[in-house]
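Working notes, structure below.
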Amino acid sequence: MYMPWSGDLTSFFEQNLADMEQTVAAGYLGDTRLVVFFMPDERRAEFFELYHDNGQCVRLNHRTYDTAPDFTTAEGIASILEQVRQTAPAERYAMTIGSHGMAWLPVSGIYARPGSAAPREREYWEYAAEGAALTRWFGGKLDQYRTDITTLAEGITQAGMEMEYILFDDCYMSSVEVAYDLRHVTRHLIGSTCEIMAYGFPYALMGRYLVGEPDYENICESFYRFYSSYQYPYGTIGVTDCAELERLADIMKRINAGDVFDGSQLSELQVLDGYNPTRFFDLGDYVRHLCTSPTLLAEFEEQLARTVPYHRHTPEFYSMSSGAKAIHTFSGITTSDPSTSDATRTKQQTAWWQATHE
């Protein structure tokens, strides 16, 4: 469990840990070892293990950092993962990441260009108000506490630790651009297409399905059951099989070679964020509006079902900026391809775009 400094989410991380401790105390770990990198403030970090002992969960401290590694660099991430390897050597690893999140958008690229006439778009955390529901981000709210997805991928590569899964307990991380960037470092990606409530993933319910041999279907089901009855009943989740992404990209490239999206249909697409202009659209719905070949569309739909085999959603999703919005169609993964937002202006530099366009 990887929980870098994320400011106002610290108390929620502590709740996540308490929930996971219930899983450990119940004896679900088996032979799995569970280590945690947790930053209680912007400088310090704690590295400890949760283990089962006589019906209880016990914390074993392995290391305390007075100054944490720079988790915004590949080298810093690799050093943290090397500490994991030294502490808990294993044949395979998995990783949960708790923080705020903004899909594939680069750390330096979410604000308006210098000199642009367009006003800066407010980020969802800027709508926080007393008594209002909070949601999450990947990293902190300031640039110095944010990590690019490509940097995360490079850090995992440097550590030589391909993951069974990476679970992003953050907003907007079930994105095809994110998954494609991580396809060489993890077998599966678990995340939310939308803003996720600050409580995060319900580890007390789903923790048993994360350890040992992951049960991806029940991970989604337990997430859905929790948020269906939560005080803020909004939740979306998707599981991406990263081995299927190359085939999905190949079909997408053939679609893009023959079709150009009709911008007049933009308002018809399923949006999955609260931004205006929209940054993240449902991938399946976008392609259904884009592709004019029934044969090619059917091929895409079949491959999308293999790529995102499990997903669940409540009837509505929630955004701090615009409140609750209805979900009419849902494929479990988003894309920024049709976005006109200035924040997504660098989308043509993503590996996904380059793999799916001439």
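The sequence shown runs 116 to 473 under my numbering. All C-beta atoms, glycine included, are put in the ideal place defined by N, C-alpha and C.
Sequence-distant residues of its chain with Cβ nearer than 6 Å to residue i (five each side left out)
i: Met-276; result: Leu-196, Tyr-208
i: Ile-334; result: Met-321, Tyr-324
i: Tyr-242; result: Reliability of the predicted coordinates at Tyr-242 is poor, the pLDDT of 49 falling under 50, and no value is obtained from them.
i: His-428; result: Thr-351, Ile-442, Phe-445
i: Thr-266; result: Ala-189
i: Met-278; result: Tyr-208, Ala-209, Met-210, Thr-301
i: Gly-514; result: Lying before the first or after the last residue shown, residue 514 is absent from the chain, which here runs from 116 to 473.
i: Asn-391; result: none
Alpha carbon of residue i to alpha carbon of residue j, nearest angstrom
i: Glu-359; j: Tyr-342; result: 28 Å
i: Ile-192; j: Met-118; result: 12 Å
i: Ser-231; j: Thr-125; result: Reliability of the predicted coordinates at Ser-231 is poor, the pLDDT of 46 falling under 50, and the value obtained from them is presented with this limitation in mind. Approximately 35 Å between the Cα atoms of the pair.
i: Lys-368; j: Arg-158; result: 44 Å
i: Leu-132; j: Leu-411; result: 45 Å
i: Asp-156; j: Glu-206; result: 32 Å
i: Val-326; j: Ala-413; result: 35 Å
i: Thr-272; j: Gln-201; result: 17 Å
i: Val-173; j: Pro-348; result: 32 Å
i: Cys-357; j: Tyr-287; result: 17 Å
i: Asp-181; j: Gly-270; result: 22 Å
i: Gly-122; j: Ala-160; result: 13 Å
i: Met-116; j: Tyr-280; result: 12 Å
i: Val-150; j: Gln-137; result: 15 Å
i: Ala-244; j: Cys-309; result: Residue confidence for Ala-244 is low, a pLDDT of 49 falling below 50, so the modelled location carries little weight; the figure read from the coordinates is stated next. Rounded to whole angstroms, Ala-244 to Cys-309 spans 20 Å at the Cα level.
i: Thr-179; j: Leu-165; result: 15 Å
i: Gln-463; j: Tyr-339; result: 34 Å
i: Ala-439; j: Pro-204; result: 44 Å
i: Ala-466; j: Ala-218; result: 14 Å
i: Glu-417; j: Val-375; result: 21 Å
i: Asp-377; j: His-404; result: 8 Å
i: Thr-471; j: Thr-459; result: 17 Å
i: Pro-430; j: Ser-289; result: 18 Å
i: Phe-316; j: Ser-379; result: 37 Å
i: Gly-389; j: Tyr-433; result: 8 Å
Near the ligand NAD: residue i beta-carbon under 8 Å from a heavy atom
i: Met-217; result: What this structure holds is no ligand at all, so the ligand NAD is not there to describe.
Nearest-angstrom Cβ-Cβ length linking residue i and residue j, presumed shorter than 8 Å
i: Val-293; j: Ile-264; result: 5 Å
i: Phe-163; j: His-177; result: 6 Å
i: Met-135; j: Tyr-318; result: 4 Å
i: Leu-363; j: Thr-422; result: 5 Å
i: Arg-394; j: Ser-456; result: 5 Å
i: Leu-144; j: Thr-211; result: Wrong, their Cβ atoms sit about 14 Å apart, outside the cutoff.
i: Leu-297; j: Ala-268; result: 5 Å
i: Phe-127; j: Phe-153; result: The pair is not a contact, with the Cβ atoms about 12 Å apart (cut-off 8 Å).
i: Tyr-331; j: Tyr-425; result: 5 Å
i: His-167; j: Val-139; result: 5 Å
Residues near residue i in its chain [Cβ-Cβ closer than 8 Å; skip 5 each side]
i: Phe-396; result: Leu-384, Gln-385, Val-386, Leu-387, Thr-449, Thr-450, Ser-451, Asp-452, Pro-453, Ser-454
i: Ala-141; result: Arg-323
i: Tyr-345; result: Met-312, Tyr-314
i: Phe-415; result: Leu-363, Ile-366, Met-367, Ile-370, Val-402, Cys-406
i: Asp-146; result: Gly-327
i: Ala-372; result: Glu-473
i: Gln-469; result: Gln-463
Under the three-state DSSP convention, the category residue i falls into
i: Glu-136; result: helix
i: Trp-468; result: helix
i: Arg-178; result: strand
i: Ser-530; result: Absent from the structure is residue 530, since the part of the chain shown begins at 116 and ends at 473.
i: Glu-161; result: strand
i: Ser-121; result: coil
i: Arg-302; result: strand
i: Ile-448; result: coil
i: Ala-474; result: Because residue 474 is not part of the residues shown, which for the chain are 116 to 473, the question remains open.
i: Phe-128; result: helix
i: Cys-172; result: strand
i: Leu-144; result: coil
i: Gly-315; result: coil
i: Leu-282; result: strand
i: Gly-270; result: helix
i: Glu-332; result: helix
i: Arg-343; result: According to the sequence displayed, residue 343 carries Ser and not Arg. Here Ser-343 sits in helix by DSSP.
i: Leu-220; result: coil
i: Ser-337; result: helix
i: Gly-275; result: coil
i: Leu-325; result: helix
i: Leu-297; result: coil
Own chain residues within Cβ distance below 7 Å of residue i, not counting five before or after
i: Ala-183; result: Met-154, Arg-158, Arg-159, Ala-160
i: Glu-361; result: none
i: Tyr-408; result: The displayed chain sequence assigns Ser, not Tyr, to residue 408. Gly-373, listed in sequence order.
Next item on the list: At 3 residues or longer, and completely inside the region 345-426: list those beta strand (DSSP E) runs for me, N to C.
Entry: Considered as a whole, the region 345-426 harbours 351-356 as its complete beta strand (DSSP E) runs of no fewer than 3 residues, in chain order.
Item checked: Uninterrupted beta strand (DSSP E) stretches inside the region 176-217 (no shorter than 3 residues) -> DSSP assignment within the region 176-217 yields the following whole beta strand (DSSP E) runs of 3 residues or more, N-terminal first: 208-213.
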